[in-house]
Amino acid sequence: MKNVISSSDFTRKEIEEIFSVADSIKKGKRPKVKGDKVVALAFFEPSTRTFTSFDVAAKRLGFQTTGFRSEHETSVAKEESFADTMRMLSSYADCLVIRHRYDGAAKFASQITDKPVINAGDGKREHPTQSLMDLYTIRDAFGKIDGLTIGIVGDLKYGRTVHSLMSMLTAFKPKRVHLVSPLQLMLPRNFLKGLNYPYSETSDLGKVIADVDVLYATRIQKERFPDEMEYNKVKESYRIDCETVKRMKERAIILHALPRITEIAREVDRTKNAKYFEQARNGVPIRMALFSKVLGA
Amino acid sequence: MKNVISSSDFTRKEIEEIFSVADSIKKGKRPKVKGDKVVALAFFEPSTRTFTSFDVAAKRLGFQTTGFRSEHETSVAKEESFADTMRMLSSYADCLVIRHRYDGAAKFASQITDKPVINAGDGKREHPTQSLMDLYTIRDAFGKIDGLTIGIVGDLKYGRTVHSLMSMLTAFKPKRVHLVSPLQLMLPRNFLKGLNYPYSETSDLGKVIADVDVLYATRIQKERFPDEMEYNKVKESYRIDCETVKRMKERAIILHALPRITEIAREVDRTKNAKYFEQARNGVPIRMALFSKVLGA
Amino acid sequence: MKNVISSSDFTRKEIEEIFSVADSIKKGKRPKVKGDKVVALAFFEPSTRTFTSFDVAAKRLGFQTTGFRSEHETSVAKEESFADTMRMLSSYADCLVIRHRYDGAAKFASQITDKPVINAGDGKREHPTQSLMDLYTIRDAFGKIDGLTIGIVGDLKYGRTVHSLMSMLTAFKPKRVHLVSPLQLMLPRNFLKGLNYPYSETSDLGKVIADVDVLYATRIQKERFPDEMEYNKVKESYRIDCETVKRMKERAIILHALPRITEIAREVDRTKNAKYFEQARNGVPIRMALFSKVLGA
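Just so you know, the sequences run in chain order A, B and C. Going by my numbering, the first residue of the first sequence is number 8, and it counts up by one from there. Going by my numbering, the first residue of the second sequence is number 8, and it counts up by one from there. Going by my numbering, the first residue of the third sequence is number 8, and it counts up by one from there.
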């Protein structure tokens with residue numbers, strides 16, 4: 008593996024190999040890498056969780072990191088082109104980790120440089136390392152991904168993590184994916200074409216809540232709504248609390264890429280169904296596994 | 008020692024042990040620690056000096072650091088809760104160092120996580136690592152803390168370092184503490200209750216200047232005063248210059264947590280009484296000693 | 008060598024020694040240094056390229072770094088003096104790398120501290136490590152600096168890199184330096200006094216383009232012009248594209264300290280004359296060589 012660009016680049020076998028490396032990292036076995044590497048974290052868009060877990064993953068492998076955590080810290084502010092900034096970083100560091108608001112930014116970077124490029128989320132579609140964390144957490148809970156019913160709830164229109172996850176799921180055989188969203192935040196039609204697993208669409212979480220093994224919640228952003236009343240109505244109807252949990256299967260799990268605002272009530276944190284903190288924690292071993300693949304011996 | 012939360016948590020014996028480790032660090036002996044640790048510096052409130060000395064202390068022990076140096080770099084900007092941010096960091100790193108504007112932030116964090124938490128200053132009261140530096144510098148100069156007369160001058164109402172120092176002093180037996188401040192910046196009454204050493208209050212620095220062994224100056228912030236003339240009067244009356252030094256005991260020392268603006272004239276820097284730069288320098292060995300206590304073998 | 012303050016501090020012999028260390032670094036030989044050093048990067052003025060290459064250079068030698076990348080991250084925002092900030096950093100770290108908008112900032116810092124100070128660009132005149140990269144890239148292309156004709160084009164009035172390069176060139180014997188700029192951006196008269204090599208001044212790039220071995224382009228900043236039309240005219244007349252390259256000597260090279268905006272057309276990147284990316288890449292070995300000189304065994 009040279010680059011990590013798109014969720015759709017991974018074969019099932021590659022994903023399972025990464026999970027297996029992550030398993031052994033969690034048991035305390037560090038993959039063999041040469042520790043004198045420098046990783047550049049090029050975050051044009053801020054993200055504490057993703058930035059910090061990449062930073063820590065690199066450091067736990069004995070690497071050093073450099074880079075920036077917002078566009079304001081770069082010469083892009085002096086109107087330097089993205090290409091020139093990438094050329095610079097790739098001439099200094101051994102690997103580039105890129106976060107950007109534009110679709111295709113990571114792919115473009117990989118065409119400019121010979122150094123490995125890892126997509127830490129770009130545009131509206133791709134966040135492959137997050138999707139690996141999502142699926143790894145599911146596999147951890149159920150021992151498998153095939154055959155599960157997955158409900159994805161909230162903002163399916165703009166949610167990058169949702170699009171990326173749905174794409175990576177095509178490497179597996181989920182029983183069904185329930186897409187739950189208000190009408191104005193439905194999954195864009197073109198995403199449906201590439202799906203090779205059964206799915207349904209609804210705006211009523213109540214209709215599918217008892218059926219899911221995995222409930223994947225997302226943040227609904229106020230600014231997507233022209234009208235605050237409309238926003239509040241949607242927010243309320245998709246809020247997950249202990250009442251929601253009672254209606255779920257006993258072993259069902261709840262995921263969220265975090266940060267969460269009010270989508271999941273705090274009281275849910277203490278239930279055994281809440282797996283979103285574990286999902287976040289898996290960011291370090293998954294990203295260590297990826298670094299070991301692209302920078303390994 | 009697991010956490011470093013409050014100045015009042017330390018016994019005299021613990022403080023003396025930390026001083027003794029710091030002594031040997033200053034002589035070039037590095038405490039034994041496992042170097043593969045990652046420390047998260049979570050600074051919700053900016054502070055160059057404290058941030059940098061914690062950063063360097065960790066690195067001089069062979070640790071790596073991660074984290075952020077202002078709230079703007081975090082998902083708190085996306086309205087994530089402090090608790091969720093702490094959960095994330097504690098799942099990535101081996102130790103949390105927290106700076107926050109709210110009282111109790113570090114304590115709250117320590118209740119959420121199993122990892123050691125160090126308070127790098129929170130709210131209006133606690134800055135225990137600064138107080139250790141303060142007392143260590145006094146002990147270095149006099150070989151003791153007991154029996155000394157200490158004058159604390161300036162903003163005693165809002166000054167976090169003052170409150171923290173006065174609390175840690177209860178582990179020792181100072182002869183007397185002179186509290187020198189304008190009326191509107193006097194020490195809050197509830198702080199006086201916990202004191203087990205003699206103290207006096209005055210607004211006239213001249214009355215006590217010849218009596219002190221230690222003069223602890225603080226920054227007086229303009230924004231505390233409704234009226235600029237009032238501010239300027241206070242600023243002038245507490246300004247320490249070479250004339251002030253002449254009225255002090257010959258061996259008396261001057262401390263300041265820095266940054267100083269105009270409270271201490273530059274001319275004082277060259278006197279042998281000025282110990283504030285040494286006090287700042289002691290930040291690294293004291294914090295190395297603390298890291299070795301909470302993360303040591 | 009203790010400090011790196013000014014381009015004029017270097018003898019020809021010292022420059023050639025640094026180049027020779029950089030040569031062996033590029034061949035994969037790391038200079039012998041003790042890896043337990045901490046370098047403070049004190050960037051009061053932002054600069055991605057310079058900051059990152061210093062950061063990576065330190066880390067590739069096994070050092071750790073600390074510091075800040077903009078004034079807003081420091082207590083200067085609380086009105087702390089530059090001198091006090093420098094005292095603090097020098098008491099924590101083993102070496103200071105300083106970037107500042109004021110002339111003499113690095114020199115002033117070196118007078119305050121016993122630790123080595125490296126000037127990473129200050130004021131309108133000095134950027135000695137950039138000049139070393141510039142000359143190293145020229146020497147790499149031609150095997151020498153003596154006897155070459157160098158054209159410097161663009162903003163010669165405010166361009167720090169230009170002033171610094173012209174100063175360091177006095178250690179060599181260039182055949183001639185052509186200074187090409189619009190009238191309002193000519194080299195300040197006092198700079199001409201110190202030059203010990205032949206030079207000419209013109210505002211017409213066409214007149215000298217066929218004569219130069221090295222074309223050193225600079226960014227022309229819009230804000231230097233009272234009138235946008237004037238700016239656009241100048242910008243056009245100094246823009247380097249493939250037509251320009253055709254009129255140059257076959258082996259001539261093009262340099263630019265980057266970031267470039269429109270001064271050099273993208274199409275030029277693919278010509279063998281374009282050496283500005285290599286010039287940027289040389290930042291790491293040159294700065295590693297400097298660190299090894301000031302912090303070496």
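From the three backbone atoms N, C-alpha and C, an ideal C-beta is built for every residue, glycine too.
Contact between alanine 127 of chain C and threonine 57 of chain C holds, since their C-beta atoms are separated by about 5 Å, short of 8 Å.
Taking 9 Å as the cut-off, the beta carbon of leucine 103 of chain A is found closer than this to the beta carbon of threonine 120 of chain A.
For the 9 Å CB-CB criterion, leucine 192 of chain B and lysine 164 of chain B form a contact. In this structure, C:Ile159 is the residue among C:Ile159, C:Val221, C:Asp110 and C:Arg146 with its C-alpha nearest to the C-alpha of leucine 194 of chain C.
For glutamate 274 of chain C and arginine 67 of chain A, the gap between their C-alpha atoms comes out near 42 Å. At a cut-off of 9 Å between beta-carbon atoms, aspartate 62 of chain C makes contact with chain A. Nearest CB-CB separation between threonine 55 of chain B and chain A: not below the 9 Å threshold. Annotation: Cβ neighbours of isoleucine 268 of chain C in chain A (cutoff 8 Å, chain order): Lys85, Glu86 and Glu87. Within the segment 191–223 of chain C, not one residue has a Cβ closer than 8 Å to any Cβ of chain A.
Per DSSP, the continuous beta strand (DSSP E) segment holding valine 124 of chain B begins and ends at 124–129. In the structure shown, glutamine 228 of chain A adopts coil according to DSSP, grouped into three states. In this structure, A:Glu257 is the residue among A:Lys240, A:Glu257 and A:Ala224 with its C-alpha nearest to the C-alpha of asparagine 280 of chain A. Separation of serine 117 of chain A and threonine 92 of chain A (C-alpha to C-alpha, rounded to the nearest whole angstrom) is 13 Å. Contact annotation for arginine 288 of chain B against chain C: Ser98 and Tyr99 [CB-CB distance below 8 Å, chain order]. Taking 9 Å as the CB threshold, valine 45 of chain B lines the interface with chain A.
Below the 9 Å Cβ cutoff, chain A contributes Ser98 and Tyr99 as neighbours of valine 291 of chain C, in chain order.
Per DSSP, reduced to three states, the secondary structure at threonine 73 of chain B is strand. In the DSSP assignment, histidine 263 of chain C falls within the unbroken beta strand (DSSP E) covering 260–263. With a cutoff of 9 Å on beta-carbon distance, serine 138 of chain C and serine 188 of chain C are scored as not near each other. By the beta-carbon neighbour count (other beta carbons within 10 angstroms, threshold 16), proline 233 of chain A is exposed. When Cβ pairs closer than 8 Å are counted between the two stretches, the segment 144–154 of chain A is seen to touch the segment 276–292 of chain A, the count reaching three or more. The C-beta distance from alanine 90 of chain A to alanine 47 of chain A rounds to 15 Å, too long to meet the 8 Å contact threshold. Judged by beta-carbon spacing, isoleucine 157 of chain A lies within the 9 Å limit of valine 219 of chain A, meaning their Cβ atoms are closer than that value. By the Cβ neighbour-count rule, threonine 18 of chain C is exposed, with fewer than 16 other Cβ atoms within 10 Å of its own.
Close CB contacts of lysine 229 of chain B within its chain, under the 7 Å cut and outside five residues either way in sequence, are with Tyr238 (chain order). The beta carbon of phenylalanine 179 of chain B sits closer than 6 Å to those of Ile152 and Asp153, all from its chain and outside the five residues before and after it, given in chain order. For arginine 167 of chain B, none of the residues of chain C pass the 7 Å Cβ criterion, the least Cβ distance being about 14 Å.
Around the beta carbon of leucine 176 of chain A, 16 or more other beta carbons sit within 10 angstroms, so the residue counts as buried. In its chain, beyond the 5 residues on either side, Thr269, Glu270, Ile271 and Ala272 have a beta carbon closer than 8 Å to the beta carbon of arginine 246 of chain C.
Under the Cβ criterion of 9 Å, methionine 93 of chain B is not counted among the residues facing chain A. Using a CB distance cut-off of 9 Å, glutamate 133 of chain C does not count as an interface residue toward chain B. Here leucine 262 of chain C has Asp141, Thr144, Ile145, Val221, Leu222, Tyr223, Ala224, Lys282, Tyr283 and Gln286 as same chain residues with Cβ atoms under 8 Å from its own Cβ, once five neighbours each way along the sequence are excluded. Distance from the CA of glutamate 86 of chain C to the CA of valine 63 of chain C, rounded to the nearest whole angstrom, comes to 31 Å. Taking 7 Å as the Cβ-Cβ cut-off, the segment 65–85 of chain B approaches chain C at Lys66, Arg67 and Arg76, given in chain order. Take serine 299 of chain C, set aside five residues on each side of it, and the residues of its chain with a beta-carbon closer than 8 Å to its own are Val28, Pro38, Lys39, Val40 and Leu68, in chain order. In the DSSP assignment, leucine 172 of chain A falls outside any beta strand (DSSP E) and within the unbroken alpha helix (DSSP H) covering 167–175.
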